[in-house]
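Here's the structure we're looking at; comments come further down.
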Amino acid sequence: MKKLDVVLGLQWGDEGKGKVVDVLAGRYDGVARFQGGPNAGHSLYFEGKHFVARSIPSGIFREGSINIIGNGVVLDPIEFQEECGKVAAMGLNPQEKIVISKKANLILPTHRLLDAANEAAAGKGKIGSTLKGIGPTYTDKISRHALRVGDALAPDFKARYEKLQNRHIKELQNLGFECDPHAEDEAWFAAMEFIKGFKLVDCEYYVNDMLANDKSVIAEGAQGSMLDIDFGTYPFVTSSNTTVGGCCPGLGIAPTKVGSVYGIFKAYCTRVGSGPFPTELFDETGEEIRQLGHEFGAVTGRPRRCGWLDLVALKYAVMLDGVTDLIMMKADILNTFDTIKIAVAYKINGEIVDHFPFEVDDNVEPVYKEFKGWKKDICAVRDYNEFPQEFKDYVAFIEKETGCPISIISVGPDRDETLVR
Numbered sequence: 226m227k228k229l230d231v232v233l234g235l236q237w238g239d240e241g242k243g244k245v246v247d248v249l250a251g252r253y254d255g256v257a258r259f260q261g262g263p264n265a266g267h268s269l270y271f272e273g274k275h276f277v278a279r280s281i282p283s284g285i286f287r288e289g290s291i292n293i294i295g296n297g298v299v300l301d302p303i304e305f306q307e308e309c310g311k312v313a314a315m316g317l318n319p320q321e322k323i324v325i326s327k328k329a330n331l332i333l334p335t336h337r338l339l340d341a342a343n344e345a346a347a348g349k350g351k352i353g354s355t356l357k358g359i360g361p362t363y364t365d366k367i368s369r370h371a372l373r374v375g376d377a378l379a380p381d382f383k384a385r386y387e388k389l390q391n392r393h394i395k396e397l398q399n400l401g402f403e404c405d406p407h408a409e410d411e412a413w414f415a416a417m418e419f420i421k422g423f424k425l426v427d428c429e430y431y432v433n434d435m436l437a438n439d440k441s442v443i444a445e446g447a448q449g450s451m452l453d454i455d456f457g458t459y460p461f462v463t464s465s466n467t468t469v470g471g472c473c474p475g476l477g478i479a480p481t482k483v484g485s486v487y488g489i490f491k492a493y494c495t496r497v498g499s500g501p502f503p504t505e506l507f508d509e510t511g512e513e514i515r516q517l518g519h520e521f522g523a524v525t526g527r528p529r530r531c532g533w534l535d536l537v538a539l540k541y542a543v544m545l546d547g548v549t550d551l552i553m554m555k556a557d558i559l560n561t562f563d564t565i566k567i568a569v570a571y572k573i574n575g576e577i578v579d580h581f582p583f584e585v586d587d588n589v590e591p592v593y594k595e596f597k598g599w600k601k602d603i604c605a606v607r608d609y610n611e612f613p614q615e616f617k618d619y620v621a622f623i624e625k626e627t628g629c630p631i632s633i634i635s636v637g638p639d640r641d642e643t644l645v646r
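Everything in the sequence shown is counted per my numbering, starting at 226 for the first residue and increasing by one.
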């Protein structure tokens with residue numbers, strides 16, 4: 226029997242999970258998304274092409290792989306149909322490559338309206354939502370009002386939709402949010418008919434049967450560990466468990482079925498939206514990293530906040546996720562810097578701490594260790610021994626501090642610009 230491997234982001238999202246899953250997917254029979262929704266944007270670069278996977282798992286372009294949308298995912302039918310159209314335009318039939326859990330929750334158009342209404346009402350306390358309806362959909366899930374993909378097979382599906390929609394309309398009225406809640410009804414139901422053309426499965430049986438029949442599966446997380454609803458920088462977090470434990474309820478597997486855990490991090494840090502970011506740079510260096518790294522959201526286009534690598538947060542995520550292998554992304558972006566820094570501790574009210582605190586606020590000051598930059602273009606390197614010594618020193622320090630090997634290093638966006646140690 227096979228075990229299920231997991232790929233996770235260890236920072237605040239945007240670590241490059243799409244590329245990694247695309248690279249690794251060739252080793253697996255199945256790629257499964259277990260949480261999140263179209264707020265995720267996993268960028269895939271291959272053969273001169275670029276595709277942003279939002280709800281579709283990142284193994285979609287790997288021959289022979291089946292792509293599973295798990296029950297922990299929230300699915301927007303309209304956006305999913307649009308995304309599938311782009312896959313079809315690239316020569317693939319998505320209905321032959323994707324299976325969908327009947328228990329995945331559906332995002333209604335009014336969920337997105339509620340998202341916008343809640344952000345507008347928050348004023349200066351905005352969370353920085355992507356306005357994709359993710360939070361309101363998970364809220365309905367927890368409060369037991371949600372619609373699920375399998376409900377589309379019921380004869381009274383439209384009545385169930387209208388019942389939930391009316392509930393949302395009352396909430397929108399209470400928030401004083403002006404909108405047309407019925408504007409996308411027709412498009413939404415048309416997209417649901419499209420979804421009914423896919424293989425709809427009981428995900429828990431489907432994934433466990435694959436493992437029992439010696440089929441290999443890799444689970445793909447969305448967002449990042451520091452956005453986990455329980456362990457992230459609350460309340461500036463997403464609405465699901467982005468850490469490794471989320472794959473168990475998100476796919477219906479037992480913890481004993483989890484094998485290797487690949488933890489992805491950038492050689493620096495980024496964050497989109499509001500929330501604490503101890504190593505954020507507000508100077509020319511931060512802007513230089515943003516421009517060199519093309520740090521703009523794959524889904525929203527928003528500029529990402531940039532800063533040095535935060536080892537305190539990284540070690541915290543490694544602990545939470547039980548990471549077995551680290552994967553470093555965008556090492557090449559730091560090619561030109563004379564000095565590179567890593568935050569190895571925090572100073573909080575005059576005290577030096579090396580653990581991630583309950584609350585991160587303006588009193589948290591990073592304590593840095595400086596490294597000499599490698600000052601060489603490493604994009605063409607495919608043999609670890611050919612890296613400059615300064616880069617190898619940077620890698621060795623991170624490995625020593627985290628207790629995890631860095632087994633994959635990315636030196637460019639294309640799937641071929643990847644070094645496996």
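Note that beta-carbon positions come from the ideal geometry of N, C-alpha and C, so glycine has one too.
Y253 carries a coil assignment under DSSP once its states are collapsed to helix, strand and coil. Within its own chain, the residues whose Cβ lies closer than 6 Å to the Cβ of R287, once the five positions on either side in sequence are excluded, are A250 and G251, listed in chain order. Contact annotation: P380 and Q390 have beta-carbon atoms that are not nearer than 8 Å. Assignment of A447 by DSSP, reduced to helix, strand and coil, places it in the coil class. Around the beta carbon of E240, 16 or more other beta carbons lie within 10 angstroms, which makes this residue buried. N560 is the residue among R527, C428, N560 and T468 whose C-alpha sits nearest the C-alpha of Y493. With contacts defined as CB atoms closer than 8 Å, I332 and Y431 fail to qualify as a contacting pair. Put simply, the backbone Cα of A257 is about 17 Å away from that of I420.
With distances taken between CA atoms, P302 lies nearest to A415 out of E344, A415, D376 and L397. Per the C-alpha coordinates, the member of G475, T458, D453 and P460 positioned closest to T468 is D453.
L269 and L339 do not touch by the CB rule: their CB atoms are close to 31 Å apart, not below 8 Å. Sequence-distant partners of W599 (beyond 5 residues in either direction) whose C-beta falls short of 6 Å from its own C-beta, in its chain, are P613, E615 and F616. Between A568 and L534, the C-beta gap is smaller than 8 Å, which places the two residues in contact. Bridge partners of Y593 according to DSSP: A568. CA-to-CA, the gap between P263 and V312 works out to about 15 Å. Listed in chain order, the non-local C-beta contacts of G243 below 7 Å within the same chain comprise H267, S268, L269, A278 and S283, local neighbours out to five positions each way being set aside.
Relative to G449, the option among V462, V442 and I443 whose CA is nearest is V462.
Cα atoms of K274 and E308: separation of roughly 15 Å, rounded to the nearest angstrom.
For K328, the CB contacts under 6 Å within the same chain, skipping 5 residues up- and downstream, are N296 and R373 in chain order.
When K572, I573 and A556 are compared, the shortest CA-CA separation from I565 is found for A556. Going by DSSP, M553 is part of the beta strand (DSSP E) stretching over D550 to M554. At a Cβ-Cβ threshold of 8 Å, V606 and L644 count as neighbours. Here the C-alpha atom of V483 lies approximately 46 Å from the C-alpha atom of E403. The residues I631, in chain order, have a CB closer than 6 Å to that of V620 in the same chain once the five nearest residues on each side in sequence are set aside. H370 sits in coil when the DSSP states are folded into three classes, being neither helix nor strand.
The beta carbon of Q320 lies closer than 7 Å to those of G422 and F423 in the same chain, with the five residues before and after it left out. Annotation: the segment 490–519 contains the following complete segments of the alpha helix (DSSP H) (minimum length 4 residues), in chain order: 509–517. By DSSP's assignment, T362 forms no beta bridge with any residue. Under the 8 Å Cβ criterion, the segment 471–480 counts as touching the segment 427–446, having at least three qualifying pairs.
For R337 and A346, the gap between their C-alpha atoms comes out near 14 Å.
When secondary structure is reduced to three states using DSSP, P406 falls in the coil class, being assigned neither helix nor strand. In the DSSP assignment, D230 falls within the beta strand (DSSP E) that extends over L229 to G234. Residue range E576 to V578 is occupied by the beta strand (DSSP E) that includes E576. The Cβ atoms of V426 and D254 do not sit closer than 8 Å to each other. With respect to V585, P501 sits close: the two C-beta atoms are nearer than 8 Å.
Boundaries of the beta strand (DSSP E) harbouring I633: I631 to S635, taken from the DSSP string.
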